[in-house]
Amino acid sequence: DTGVSQDPRHKITKRGQNVTFRCDPISEHNRLYWYRQTLGQGPEFLTYFQNEAQLEKSRLLSDRFSAERPKGSFSTLEIQRTEQGDSAMYLCASSMGQGSGTDTQYFGPGTRLTVL
Amino acid sequence: GEDVEQSLFLSVREGDSSVINCTYTDSSSTYLYWYKQEPGAGLQLLTYIFSNMDMKQDQRLTVLLNKKDKHLSLRIADTQTGDSAIYFCAESMDGNNRKLIWGLGTSLAVNP
């Protein structure tokens, strides 16, 4: 399978705990994106990387959230001191990172987080 | 402002055509996308259209873009039960497509 993969697929945690999600993009894709999707909503952009550089962060990404892509390949999204409002599906996508053209984003299956 | 709107539900009979509509507000959008999301699955890109095009056809899918009215539609011909899913319209906010703004999704139910 050469698509975008995410791990874990489901995570249940207690309020106040820290959680970390991993995303493995399609190999050779330079850009990697994180989105959050709550029930009945479309995805909301959180942040994106061009190789290892984090180039944009949404206002939605509070200081409890941190994302890394240390070697320009896989990425991790960590949420510290989780709150019930963090319960959502966290989606990762990757793209070639062309300077022009569609630069289509391909999505992983998501990690569903439930904070009790 | 950034806003993409879609009707929330559509129900059709198997074999009929489905038309899902979307309106967007940012006239500087360069690409507009249709994604499909099935339960338990990731978002799947169906098709996209560049903002200087009026129409794009891809097998059973036809995308129409009215740039003047900022209206986008997706027509699915000969709708099948396997087409039942949520369909999202998304617009890119810059020429490099680094950030997509999404609608709430249209839930398509196909009845046999």
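Chains as they are written, first to last, in this note's numbering: chain A, 1 to 116; chain B, 1001 to 1112. Cβ coordinates follow ideal geometry from the N, Cα and C atoms, glycine included. Since the model is a prediction, treat every value here as computed from it, not as a measurement.
Proximal residues of chain B, C-beta to C-beta of residue i below 7 Å
i       : result
A:Pro8  : Those do not exist, as A:Pro8 stays about 14 Å from chain B at its closest Cβ, beyond 7 Å.
A:Pro25 : Per Cβ cutoff of 7 Å: no residues; A:Pro25 is ~13 Å from chain B at best.
Within chain B, partners of residue i - CB distance below 8 Å
i        : result
A:Thr117 : Past the edges of chain A, shown from 1 to 116, lies residue 117 of chain A, and the structure says nothing about it.
A:Tyr106 : Leu1045
Residues that residue i contacts on chain A, provided the C-beta gap is smaller than 8 Å
i         : result
B:Phe1088 : Gly42 and Pro43
Start-to-end residues for the beta strand (DSSP E) that takes in residue i
i         : result
A:Val4    : No beta strand (DSSP E) holds A:Val4; DSSP gives it neither H nor E.
A:Asn30   : No beta strand (DSSP E) holds A:Asn30; DSSP gives it neither H nor E.
A:Thr111  : Thr111 to Val115
B:Thr1106 : Thr1106 to Asn1111
A:Met89   : Ala88 to Ser95
is_contact[residue i, chain A] using C-beta, thresh 8 Å
i         : result
B:Gly1082 : no
B:Lys1056 : no
B:Lys1099 : yes
B:Ala1041 : yes
B:Gly1015 : no
Residue-level contact to chain B via CB, residue i, 8 Å cutoff
i        : result
A:Arg36  : no
A:Gly110 : yes
A:Leu32  : no
A:Leu116 : no
A:Leu113 : no
Within chain A, the residues that residue i reaches when beta carbons sit closer than 7 Å
i         : result
B:Trp1102 : Gly42 and Pro43
Is there contact between the region 61-81 of chain A and the region 1097-1109 of chain B, where contact requires at least three CB pairs shorter than 8 Å?
no
Taking contact to mean at least 3 C-beta pairs separated by less than 8 Å, is the region 1036-1052 of chain B in contact with the region 1081-1093 of chain B?
yes
Length-filtered (3 minimum) beta strand (DSSP E) runs lying within the region 1042-1104 of chain B
Listed in chain order, the complete beta strand (DSSP E) runs (minimum 3 residues) inside the region 1042-1104 of chain B are 1043-1050, 1055-1058, 1061-1066, 1071-1076, 1085-1092 and 1100-1102.
Which ranges does the alpha helix (DSSP H) cover as unbroken runs of at least 4 residues, wholly within the region 3-77 of chain A, from first to last along the chain?
none
Quick one: any contact between the region 84-91 of chain A and the region 1003-1020 of chain B, if contact means 3 or more CB pairs under 8 Å?
no
Hey, which unbroken runs of the beta strand (DSSP E) at 3 residues or more fall wholly within the region 1001-1037 of chain B?
1004-1006, 1009-1013, 1018-1024 and 1031-1037
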